[in-house]
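Q: Residue numbers (our numbering): 431 to 597. C-beta atoms are modelled at their ideal positions from N, C-alpha and C, and glycine is treated no differently.
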């Protein structure tokens, strides 16, 4: 299946390192387009506009677990929403421009679980710095069907090797 590139704005800086959020919105549809939902979610945090934290909260299951690209694990919706509130403020303060693209490479489905895998490419301009920001992150997201909704139950982010690494 051909991968689809979705372009939006969303990052969460944590502990001095930026990590991408790749969650997917809850959907009332029996079979949502998970690629499009990934792009929608990625676009919720952005520079220059308010971030709808209530909408992000609705996308997460109560038992949502996130393993960040810096190795920190956040368990439960409450802990993750605290992280997101802090990170939204850091994004607004730290970036004058931010662009995030998700290249969804695979979507695996069963009747109750969906696993999405892709690469998030982040680029932007940091306030007060002349050099541009760029980072790539491998992203795995797991969704569970709860009633008529698909909620995000797990996210795992791994920073991809940069072009000058590993030489």
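Are the region 529 to 538 and the region 550 to 561 touching by the rule of at least three beta carbon pairs closer than 8 Å?
A: Judged by Cβ distances under 8 Å, the region 529 to 538 makes contact with the region 550 to 561, as three or more pairs qualify.
Q: According to the neighbour-count rule (16 or more other Cβ atoms, all chains shown, within 10 Å of its Cβ), is residue 585 buried or exposed?
A: Numbered from its first residue, the chain shown carries residue 585 at position 155. So residue 585 ends up on the buried side.
Q: Looking at the secondary structure, which residues open and close the beta strand (DSSP E) in which residue 554 lies?
A: Counting from 1 along the chain shown, the entry for residue 554 is found at position 124. Residue 554 -> beta strand (DSSP E) spans 543 to 556.
Q: DSSP three-state call for residue 539: helix, strand or coil?
A: The count along the chain shown starts at 1 and reaches residue 539 at position 109. Three-state DSSP puts residue 539 in a strand.
Q: Would you report the Cα separation of residue 561 and residue 477, rounded to the nearest angstrom?
A: Residue mapping note: residue 561 aligns to position 131 of the chain shown, counting from 1. Residue mapping note: residue 477 aligns to position 47 of the chain shown, counting from 1. Each residue's alpha carbon lies about 18 Å from the other.
Q: What's the C-alpha gap between residue 466 and residue 546?
A: In the chain shown, the residue the question calls residue 466 occupies position 36. In the chain shown, the residue the question calls residue 546 occupies position 116. The straight-line gap from Cα to Cα measures roughly 12 Å.
Q: Assuming residue 539 and residue 566 are in contact, meaning their beta carbons sit under 8 Å apart, how far apart are those beta carbons, in whole angstroms?
A: Taking the first residue of the chain shown as position 1, residue 539 is located at position 109. Taking the first residue of the chain shown as position 1, residue 566 is located at position 136. Contact doesn't hold; Cβ gap of about 26 Å is too wide.
Q: Where do the ends of the alpha helix (DSSP H) carrying residue 487 lie?
A: On the chain shown, residue 487 is found 57 positions in, with the first residue counted as 1. Looking at the DSSP string, the run of the alpha helix (DSSP H) that includes residue 487 is 483 to 489.
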